[in-house]
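Inspection log for the structure reproduced underneath, given as structure tokens.
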Amino acid sequence: MKTWLPFEWIAAVRFLREGRMQSLLIIVGVGVGVAVIVFMSALLSGLQANLIKRTLSSQAHITLLPPEEIARPQQATDATALRLQKQAQRLRAIDQWQTLRDRLETWPEIAAVSPVASGPAFAVRGEANKAITVVGIEPERYNRVISLAERLTAGQLRVGAGEAVIGIELARDLGAEVGDKLRLSAADGRSDTLTVTGLFDLGNKGVNARNVYVGLRTAQSLLDLVGGVSSIDLALHDLDLAEQLARRIAGEIGLTADSWIKTNAQFVTALTSQRVSSNVIRFFIALSVAFGIASVLVVSVIQRGKEIGILRAMGATQAQMRRIFLLQGGIVGFFGSLLGSALAWSFLMLWQLLARNPDGTPMFVIGVEPGLVALAAGGASLVGILSALLPARRAAQLDPVVAIRG
Amino acid sequence: MAEPDDRVLHLAGIRKSYGSGEVESEILHGIDLTLRRGEFAALIGPSGSGKSTLLNLIGLLDRPTAGQLHIDGEDSGRLDDTGLTRLRGQRIGFVFQHHHLIPAFTAEENVAMPLLVARGRPDAEMFARAGRLLDQVGLADRKRHLANRLSGGQQQRVAIARALVTDPSLVLADEPTGNLDTHSADDVFALLREFNRRQHTTFLIVTHDPRLAARCDRIVELVDGRIVADRPPGPA
Numbered sequence: 002m003k004t005w006l007p008f009e010w011i012a013a014v015r016f017l018r019e020g021r022m023q024s025l026l027i028i029v030g031v032g033v034g035v036a037v038i039v040f041m042s043a044l045l046s047g048l049q050a051n052l053i054k055r056t057l058s059s060q061a062h063i064t065l066l067p068p069e070e071i072a073r074p075q076q077a078t079d080a081t082a083l084r085l086q087k088q089a090q091r092l093r094a095i096d097q098w099q100t101l102r103d104r105l106e107t108w109p110e111i112a113a114v115s116p117v118a119s120g121p122a123f124a125v126r127g128e129a130n131k132a133i134t135v136v137g138i139e140p141e142r143y144n145r146v147i148s149l150a151e152r153l154t155a156g157q158l159r160v161g162a163g164e165a166v167i168g169i170e171l172a173r174d175l176g177a178e179v180g181d182k183l184r185l186s187a188a189d190g191r192s193d194t195l196t197v198t199g200l201f202d203l204g205n206k207g208v209n210a211r212n213v214y215v216g217l218r219t220a221q222s223l224l225d226l227v228g229g230v231s232s233i234d235l236a237l238h239d240l241d242l243a244e245q246l247a248r249r250i251a252g253e254i255g256l257t258a259d260s261w262i263k264t265n266a267q268f269v270t271a272l273t274s275q276r277v278s279s280n281v282i283r284f285f286i287a288l289s290v291a292f293g294i295a296s297v298l299v300v301s302v303i304q305r306g307k308e309i310g311i312l313r314a315m316g317a318t319q320a321q322m323r324r325i326f327l328l329q330g331g332i333v334g335f336f337g338s339l340l341g342s343a344l345a346w347s348f349l350m351l352w353q354l355l356a357r358n359p360d361g362t363p364m365f366v367i368g369v370e371p372g373l374v375a376l377a378a379g380g381a382s383l384v385g386i387l388s389a390l391l392p393a394r395r396a397a398q399l400d401p402v403v404a405i406r407g
Numbered sequence: 020m021a022e023p024d025d026r027v028l029h030l031a032g033i034r035k036s037y038g039s040g041e042v043e044s045e046i047l048h049g050i051d052l053t054l055r056r057g058e059f060a061a062l063i064g065p066s067g068s069g070k071s072t073l074l075n076l077i078g079l080l081d082r083p084t085a086g087q088l089h090i091d092g093e094d095s096g097r098l099d100d101t102g103l104t105r106l107r108g109q110r111i112g113f114v115f116q117h118h119h120l121i122p123a124f125t126a127e128e129n130v131a132m133p134l135l136v137a138r139g140r141p142d143a144e145m146f147a148r149a150g151r152l153l154d155q156v157g158l159a160d161r162k163r164h165l166a167n168r169l170s171g172g173q174q175q176r177v178a179i180a181r182a183l184v185t186d187p188s189l190v191l192a193d194e195p196t197g198n199l200d201t202h203s204a205d206d207v208f209a210l211l212r213e214f215n216r217r218q219h220t221t222f223l224i225v226t227h228d229p230r231l232a233a234r235c236d237r238i239v240e241l242v243d244g245r246i247v248a249d250r251p252p253g254p255a
């Protein structure tokens, strides 16, 4: 007998050990439930993280744009019948963007700031002529927002004067390879001839066919934005704060700030409802685990009626009896959760072995985080204790006279 | 009357009834009984006479409908459930007919159980005491055996050691030899008598066996919920 354990612990452990088969079965039952919950949680968070990562591979977390231009009538009295026509938005520069860039870089929530000068143009090579988006970037900064360098399939990320990095779709459309030349012409007749220095694949066909990355200066002169930028891209440390931060920036700086959450509203809604439905499933699994523990303990209280009576006759209080059964619930929950976490880990390993991309690489990497295991252990122990409430009450209220005679 | 403080047990006008209203039935109709330190008394009577009910009341496992019950001078009527449990744990030892050990524990642990329950945590002293008692009941070599690995007679001897481990004022034994063969029964009875002589522990023994009752100091006879005789052994 371990001398540091209180009486209730000793009795709870002995009772569980004595009813070996029962204890084992219910621990396995709890384990299976916990395994499904942990597996689902890990799979879902891995899947969602992966989806978000893919979505954001060609998108900034927040994009700052100049404020919208609004038609302001000079007279606006009730007497004048006025019909306002909304005006078309021109390509405009953000005022004082260097100051703004430096200021935003000091914000702790912001991981990277990248000014961008972008606008429409045509890419021409021989007979081929494609509508594209010229994206002028400072490669170092831009790469911290969208990891373009990692996504290159050929060449390198070099956008000096006369150099461009294009997507694999566009390269196919134009029949261009690294080292080939192509001509970009903007709407008002400005044009420039550039050498392709790299090909990228951002995992999005539209982006791969449309974006042509050039140096900031090249873009500025092509788009007639001398010295200006048309947008500022931001990367954040915490993705989930994007919308809040976008509102704050819009309020403090007076620019239009679009977060990825807003631009991908449907996608985000889909993720949220996926999470909600999995929470519902997890809740019901936890509930059925709780009922399992409760029913085993109720039976155990009935089986141990005589022993409960003897302990009471020897001076054990109702509170002590209650604790013995609460502890059994907690212990079953705790060990069940350890078993469940181990099971979930093996499921995940197996799943990663089976779920592969066509090229044989894992579809996405997920693991059982220690935090999730700790949460499962804590949660299952708590569920165990809660489900033992009723049996424990019955044990405490058992009349010792009846219990001993029976 | 002798010194009032040597009264281990004092019952006055104890009644017990079950049910309520028209179906109420009274089992005990006013019991007066006093046991003094060191007495070794038998409680006899036909089945259904209310012996077990009386024993449960004295053991503080149940409350009387009316009357007063003092254990070591303490009025049980004034105690709540926790108080009764504490008084029971400290002052009363039980030996049941079916020995009632807890099978998940060893002989030694079963004997130490009342102390463990009271102190909340195991300690060396309680096991030393349990060990000494097991020596005295002749089970020195069975200390580490699980309770259900012992024979019936051995289990009952463990139960006696358990009843005595808290040094109680009063030991209640409900047909302690009822389930044993005559040889084991004699052993067990001799053991009870020995503890009574050595430690002046008071015993109240419910028995059907006139042979055993005759070896007690005092015989209390219960018939139909009333004490009809209270006499020393010998020809009635």
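Residue numbers (this note's numbering), protein chains in the order written: chain A, 2 to 407; chain B, 20 to 255. The beta-carbon is built from N, C-alpha and C at its ideal position, and this holds for glycine as well.
From the options, pick the residue whose C-alpha is nearest to that of residue i; which is it?
| i | options | result |
| --- | --- | --- |
| B/His29 | B/Met132, B/Ser36 and B/Leu73 | B/Leu73 |
| A/Ile167 | A/Ala132, A/Gly190 and A/Thr273 | A/Ala132 |
| A/Ala287 | A/Val35, A/Leu223, A/Ser342 and A/Glu244 | A/Val35 |
| A/Gly379 | A/Gln23, A/Leu354, A/Leu203 and A/Gly341 | A/Gly341 |
| A/Ile250 | A/Glu19, A/Asn51 and A/Trp108 | A/Trp108 |
| A/Ser59 | A/Ala314, A/Tyr143 and A/Val215 | A/Tyr143 |
| A/Gln157 | A/Thr56, A/Thr196, A/Arg218 and A/Ala356 | A/Thr196 |
| A/Asp96 | A/Pro116, A/Glu110 and A/Asp193 | A/Pro116 |
| A/Ile28 | A/Leu387, A/Gly334, A/Leu373 and A/Ala343 | A/Gly334 |
| B/Gly92 | B/Arg217, B/Val27, B/Arg230 and B/Gly86 | B/Val27 |
On the DSSP bridge assignment, give the partners of residue i in chain order.
| i | result |
| --- | --- |
| A/Ala1 | Outside the modelled stretch of chain A, which goes from 2 to 407, sits residue 1 of chain A, for which no answer is possible. |
| B/Tyr37 | B/Ser44 |
| A/Glu164 | A/Thr196 |
| A/Gly1 | Chain A is shown from 2 up to 407; residue 1 of chain A falls before or after that span and cannot be answered. |
| B/Glu93 | B/Ile90 |
| B/Ile224 | B/Ala61 and B/Ala192 |
| A/Lys182 | A/Thr196 |
Which chain B residues sit within Cβ distance under 7 Å of residue i?
| i | result |
| --- | --- |
| A/Lys307 | His119 |
| A/Pro371 | Neighbours of A/Pro371 on chain B: none; closest Cβ ~33 Å, over 7 Å. |
| A/Val402 | Asn75, Leu80 and Asp81 |
May I have the straight-line CA-CA distance separating residue i from residue j, to the nearest angstrom?
| i | j | result |
| --- | --- | --- |
| A/Pro401 | B/Ala137 | 17 Å |
| A/Glu128 | A/Gly120 | 23 Å |
| B/Ala21 | B/Pro195 | Any answer about B/Ala21 is weak, because its pLDDT of 47 lies below 50 and its placement is not dependable; what the coordinates show is given next. Distance between the alpha carbons of B/Ala21 and B/Pro195 is about 30 Å. |
| B/Glu144 | A/Ile405 | 29 Å |
| A/Pro7 | B/Gly139 | 6 Å |
| A/Phe40 | A/Ala345 | 5 Å |
| B/Gly38 | B/Ile46 | 11 Å |
| A/Arg324 | A/Leu17 | 14 Å |
| A/Ile155 | A/Leu105 | What sits at residue 155 of chain A in the sequence shown is Ala, not Ile. Cα to Cα, the separation comes out at about 33 Å. |
| A/Gly330 | B/Asp51 | 46 Å |
| B/Leu152 | A/Arg395 | 34 Å |
| B/Thr125 | B/Ala178 | 12 Å |
| A/Gly204 | A/Val146 | 16 Å |
| B/Pro133 | B/Leu183 | 9 Å |
| A/Ala122 | A/Ser42 | 46 Å |
| A/Leu390 | A/Leu327 | 6 Å |
| A/Leu200 | A/Ile169 | 6 Å |
| B/Ala232 | B/Gly57 | 16 Å |
| A/Ala165 | A/Ser232 | 19 Å |
Exposed or buried, which one is residue i when buried takes at least 16 other CB atoms within 10 Å?
| i | result |
| --- | --- |
| A/Thr5 | Sequence inspection shows Trp at residue 5 of chain A; the Thr mentioned does not correspond to that position. By the 10 Å Cβ count, A/Trp5 comes out exposed. |
| A/Asn130 | exposed |
| A/Gln86 | exposed |
| A/Leu399 | buried |
| A/Lys182 | exposed |
| A/Val136 | buried |
| A/Pro392 | buried |
| B/Leu223 | buried |
| A/Asp234 | buried |
| A/Phe285 | exposed |
Name the chain B residues whose beta carbon is nearer than 8 Å to that of residue i?
| i | result |
| --- | --- |
| A/Ala397 | Neighbours of A/Ala397 on chain B: none; closest Cβ ~10 Å, over 8 Å. |
| A/Ile325 | Result: empty, since nearest Cβ-Cβ is about 11 Å, beyond 8 Å. |
| A/Glu19 | Pro122 and Ala123 |
Could you check whether the Cβ of residue i sits closer than 8 Å to any heavy atom belonging to the ligand HEM?
| i | result |
| --- | --- |
| A/Lys87 | Summarising the ligand content, the structure contains no ligands, and the ligand HEM is consequently not present. |
List the residues of chain A whose Cβ lies closer than 8 Å to the Cβ of residue i, in chain order.
| i | result |
| --- | --- |
| B/Val136 | Phe8, Leu312, Met315, Gly316, Ala317 and Gln321 |
Going along chain A, which residues have a C-beta under 9 Å from residue i?
| i | result |
| --- | --- |
| B/Arg105 | Gly316 and Thr318 |
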